[in-house]
Amino acid sequence: MRIENIKSYPRITFYVDGPLVSYFFLLLQQGVTVRSRTGISVASLLREEIGADPMMIEKIQSIILEGKPVDDLESAVIKDGSVLALSAAMPGLVGATLRRGGMYSSFRCAITYHETGGEHVQGEGRVQIKLFNLLMAELGPGLLQKGVILRSEDFIRFAAEQSTNFWKGFSRITIDGEPLSPGELPDSAWLSGKGEVILTVLTDRARA
Amino acid sequence: MDKILRIDVGAEDGPKATTMQVGEYAGLGGRALTSAIISKEVPPLCHPLGGDNKLVIAPGLLSGSASAMSGRISVGGKSPLTGGIKEANSGGQPSQVLARLGYNAIVLEGKPKNNDLYKIFINKDGVKISADNSLKMLPNYDLVAKMKSEFGDKISCISIGPAGEMKMASATVAFTDMEQRPTRHAGRGGLGAVMGAKNIKVIVLDDTGMTMRAPKDPEKFKDANKRFVDGLKSHAVTGQGLPAYGTNVLTNILNEVGGYPTYNFKQGRFDGASKISGETEAETEIKRGALPTHGCHRGCVIQCSGTYNDKDGHFLTKQPEYETVWAHGGNCGISDLDKIAMMDFLDDNYGIDTIETGATIAVAMEAGLAEFGDADAAIRMIHDIGKGTHLGRILGGGAAATGKAYGVERVPVVKGQAMPAYDPRAVQGIGVTYATSPMGADHTAGYAVAQNVLKVGGDVNALKPEGQVELSRNLQIATAAIDSTGMCLFIAFAVLDQPETFQAFLDLLNAFYGMELTGDGVTELGKKVLSMERDFNARAGFTSQHDRLPSYFKTEKFAPHNVTFGVKDEDLDKVFNW
Ligand code: SF4
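Each protein sequence line maps, in turn, to chains A and B. Position 204, counted from 1, in the first sequence is what numbering that gives the first Met the number 0 calls 203; the numbers after and before it change by one each time, with no gaps. Position 211, counted from 1, in the second sequence is what numbering that gives the first Met the number 0 calls 210; the numbers after and before it change by one each time, with no gaps.
If you want it as structure tokens, here you go:
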């Protein structure tokens with residue numbers, strides 16, 4: 000993903016010690032936007048853009064594209080504006096039903112994703128990614144390290160919900176490279192006017 | 000475990016207990032036993048609250064043993080909600096305790112001679128029954144506290160709240176958990192009203208001095224149990240997903256696929272879903288010092304449950320399950336997790352089914368009694384039910400009764416029972432089970448036990464729409480069988496994917512009883528249970544016309560995918576052709 004070439008949004012970077020990265024995971028269930036190649040298959044996006052290896056892809060048991068469960072990762076195509084949700088194996092009959100290519104996939108045939116065909120020109124665009132359950136911890140740190148685009152209001156709400164301990168937990172927070180003093184919150188009105196922000200979270204491991 | 004305790008509540012000098020050998024019901028447990036007794040002994044046309052109906056409480060075949068996951072308990076009777084046969088099961092401690100005390104079942108039967116309310120105490124020395132009218136209208140938590148002060152803190156309780164005493168059709172039978180809280184409920188079908196009609200408020204159990212039930216072949220049993228536990232722990236769902244997030248982990252994904260019934264089944268997505276998801280719930284629990292991973296009874300290794308604390312860090316309720324969070328949350332347009340947790344507590348305390356109650360409140364909202372999203376109004380309605388106000392009496396009768404009272408057309412019930420948290424237009428195979436289960440709309444009636452493991456009914460092409468009918472049939476058969484063992488249905492996830500875990504499950508039963516049960520035997524047991532239940536319903540006047548979803552599911556398009564329920568009636572009628 001090439002997020003560097005977006006200049007118009009403020010880039011907010013948190014430098015965190017390992018476990019604190021989990022504070023950001025709940026943002027991922029609501030969905031974050033990334034710049035990505037488009038016109039490629041879901042499988043390519045997972046491999047090449049998200050960096051999921053075959054074992055990780057195996058763990059991603061339910062893949063929902065445009066609100067529809069995907070069975071064939073190679074034929075489903077990512078487009079500009081696509082919404083892609085990823086989940087580990089889910090419980091219950093419905094969990095089994097929503098698994099890709101699973102025994103009970105006929106149960107949801109009315110909503111299964113089918114690629115409509117036609118030419119898919121490769122390009123670049125915005126893709127919304129939602130990570131659910133165990134995948135938040137598995138794929139979240141990598142995604143946050145590369146940087147994700149959030150609506151300013153979502154970031155402001157997230158920031159407002161955090162305790163003072165949260166803000167003290169970071170070794171450094173920068174906005175467009177300028178450090179914020181410890182405990183200082185980004186200016187909401189200014190952020191709001193920007194429409195969107197790029198959030199990056201760098202863990203110890205990522206910086207090493 | 001070789002005896003049945005029968006309590007004739009209509010005996011001349013008050014309820015009289017008789018213990019008898021298990022006799023013709025030998026070899027049956029859980030749902031198989033409750034349904035066998037009901038179908039044989041209860042006249043199908045009787046009134047559910049009358050003297051001819053019976054309430055049967057039966058631990059599973061492996062309950063009281065060292066087997067993991069074996070602590071579910073079944074409650075059966077003719078349902079005041081559906082008018083058909085009902086089995087509702089629950090977690091909690093009483094299953095293990097009752098089995099260790101040697102009982103295959105407790106049967107409450109007859110018609111009380113007066114209005115006295117009774118408590119029953121069972122320990123190694125026998126059964127004591129006494130009238131105690133000081134218990135009248137006590138909510139479950141207060142009742143259990145009173146029983147602890149009277150009988151000590153080694154007890155477990157089976158009880159009804161005020162809703163059961165008022166004989167409401169949404170009343171539950173409550174079971175205490177490991178912490179002696181009445182948080183586990185046989186919720187569906189109003190069986191708490193049947194217990195109320197017998198004037199039994201609480202059954203207190205104490206297994207002090209009793210030992211764990213011993214298997215016929217201890218070595219084989221130990222080995223099978225180990226393989227079974229290993230299988231559960233190594234599976235992604237039972238070993239990781241469920242312990243971390245509980246069943247509410249389903250909210251996000253159901254919402255994403257547009258199958259999350261919202262605003263009384265009007266649409267498939269809820270804007271507030273991420274605020275009440277399992278992920279958010281677990282995070283909230285951790286921050287408040289509660290337990291996101293906890294078992295509902297000793298011996299559970301999956302631990303899909305947890306505890307939920309209020310903002311000040313005090314226990315509020317057990318971790319609300321997916322169905323509860325949906326029923327009181329998205330289905331009513333409510334996205335405040337604390338208020339949903341409060342409703343969960345109130346439901347448990349008054350003794351009402353969370354699914355039926357949430358669905359009923361949504362119908363009441365559709366009728367204009369409150370705005371969708373008004374959590375305080377929803378809480379007031381639950382208090383109305385618990386206190387038995389005029390409105391509460393209607394709401395406590397369930398979604399169908401409320402829909403009738405307020406002239407609402409869109410009432411999501413089958414056989415009078417509210418649908419759970421999966422819209423049958425988006426996930427149509429589940430609609431087949433909702434429509435045809437003898438229990439009424441029931442999500443657990445067709446749980447995921449592997450087609451490819453059990454090989455029930457031959458090979459099915461899962462990708463063809465017509466496969467839904469066969470799959471639903473097979474799932475219902477397998478579920479009936481698992482419900483009969485007393486195993487938590489959640490073992491099904493591991494059994495689904497891991498044939499060796501299914502084999503370990505069979506080996507557990509075989510080592511315990513010294514028998515040679517195979518996959519085919521499990522299938523036959525499931526078919527036998529379903530046949531008994533369908534036969535009872537047929538004699539109670541049910542026809543194929545009752546195996547249908549409400550007609551608006553066929554005509555009203557469900558956003559965002561704009562789908563309607565498309566399975567044909569003639570295909571629904573084929574579900575039980577075996
Ligand atoms: S998995 Fe959940 S429902 Fe099943 S026995 Fe354990 S805690 Fe109870």
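Glycine included, each C-beta is placed from N, C-alpha and C at the ideal position.
Item	Value
From the DSSP output, which residues share a beta bridge with V413 of chain B?	B:Q416
List the residues that DSSP assigns as beta-bridge partners of L83 of chain A.	A:L64, A:I128
M135 of chain A versus chain B: which residues are under 8 Å apart at the beta carbon?	E278
Rounded to the nearest angstrom, what separates A188 of chain A and F165 of chain A at their Cα positions?	21 Å
Do we get a CB-CB distance below 8 Å when we pair P260 of chain B with the residues of chain A?	no
Tell me where the alpha helix (DSSP H) around F157 of chain A begins and ends.	151-160
Hey, is F492 of chain B's beta-carbon within less than 8 Å of any beta-carbon in chain A?	yes
Got a sec: which bits of the region 212-245 of chain B sit with their beta carbon under 7 Å from any beta carbon on chain A, in order along the chain?	A235, V236, Q239, G240, L241, A243, Y244
Start and end of the beta strand (DSSP E) containing K200 of chain B?	199-204
Between F501 of chain B and chain A, is the shortest Cβ-Cβ distance under 8 Å, so that the two count as touching?	no
Using the beta carbon as the reference atom, which residues fall closer than 5 Å to any heavy atom of ligand 1, ordered along the chain?	B:G90, B:G294, B:C295, B:C299, B:I301, B:C303, B:S304, B:C487, B:F489
State yes or no: is the beta carbon of S304 of chain B nearer than 8 Å to at least one beta carbon in chain A?	no
Short check: CB of T401 of chain B to CB of Y321 of chain B, under 8 Å?	no
Short of 7 Å Cβ to Cβ, which residues in the region 102-121 of chain A face chain B?	M102, Y103, S104, S105, F106, R107, C108, A109, I110
Looking at chain B, which residues of the region 67-85 of chain A have a Cβ within less than 9 Å of any of its Cβ atoms?	K67, P68, D70, V82, A84
In the DSSP assignment, what are the bridge partners of I56 of chain B?	B:V74, B:I105
By Cβ distance below 6 Å, which residues in the same chain neighbour D206 of chain B in space, the five residues on each side in sequence not counted?	V96, R99, L100
Sorted by chain position, which residues of the same chain lie with C-beta nearer than 6 Å to L138 of chain A's C-beta, five sequence neighbours on each side aside?	L130
Drop a sphere of 10 angstroms on the beta-carbon of V455 of chain B, count the other beta-carbons inside from all chains shown, and report buried for 16 or more, exposed for fewer.	Note that V455 of chain B has pLDDT 36, beneath the 50 cutoff, so the model's placement of it is unreliable and the number below is only indicative. It counts as buried.
Run through the DSSP bridge pairs and tell me what K317 of chain B is partnered with.	B:T306
Taking 6 Å as the limit between beta carbons, can you name the residues of its chain near Y446 of chain B, skipping five residues before and five after?	Residue placement at Y446 of chain B is poorly supported in this model, since its pLDDT is 44, which falls under 50; the coordinates still yield a value, given next. Excluding sequence neighbours, Y446 of chain B sits near T478, L488, A491.
Using a beta-carbon distance below 8 Å, is Y421 of chain B in contact with chain A?	yes
Under three-state DSSP, which class holds Y24 of chain B?	helix
Pick from B:M68, B:Y102, B:K110: whose alpha carbon is nearest that of G90 of chain B?	B:M68
Residues bridged to Y14 of chain A by DSSP?	A:R171, A:L201
Between F131 of chain A and chain C, is any beta-carbon pair separated by less than 8 Å?	In summary, chain C is missing from the structure at hand, where the protein chains are A and B.
From A25 of chain B to G238 of chain B, what does the alpha carbon distance come to, in whole angstroms?	34 Å
At a Cβ cut of 7 Å, what residues of the region 25-37 of chain A count as close to chain B, listed as they run along the chain?	L25, Q28, Q29
Sorted by chain position, which residues of the same chain lie with C-beta nearer than 6 Å to V452 of chain B's C-beta, five sequence neighbours on each side aside?	The predicted model places V452 of chain B with a pLDDT of 37, which falls under 50 and marks its position as unreliable; any figure quoted below should be read in that light. For V452 of chain B, where only same-chain residues beyond five positions count, the Cβ hits under 6 Å are P498, F501.
Apart from the five residues just before and just after A493 of chain B, which ones in its own chain have a Cβ nearer than 6 Å to its Cβ?	G230, L231, H234, T237, T500
Could you name the residues of chain A that H560 of chain B contacts, counting a contact when the two beta carbons are closer than 8 Å?	G66, K67, A109, I110
Exposed or buried, what is R107 of chain A when buried is set at 16 or more other beta-carbons lying within 10 Å of its beta-carbon?	buried
So which residues of chain B does P140 of chain A contact, with C-beta pairs closer than 8 Å?	Result: empty, since nearest Cβ-Cβ is about 16 Å, beyond 8 Å.
Just list the residues that DSSP pairs T517 of chain B with in beta bridges.	None; T517 of chain B has no bridge partner.
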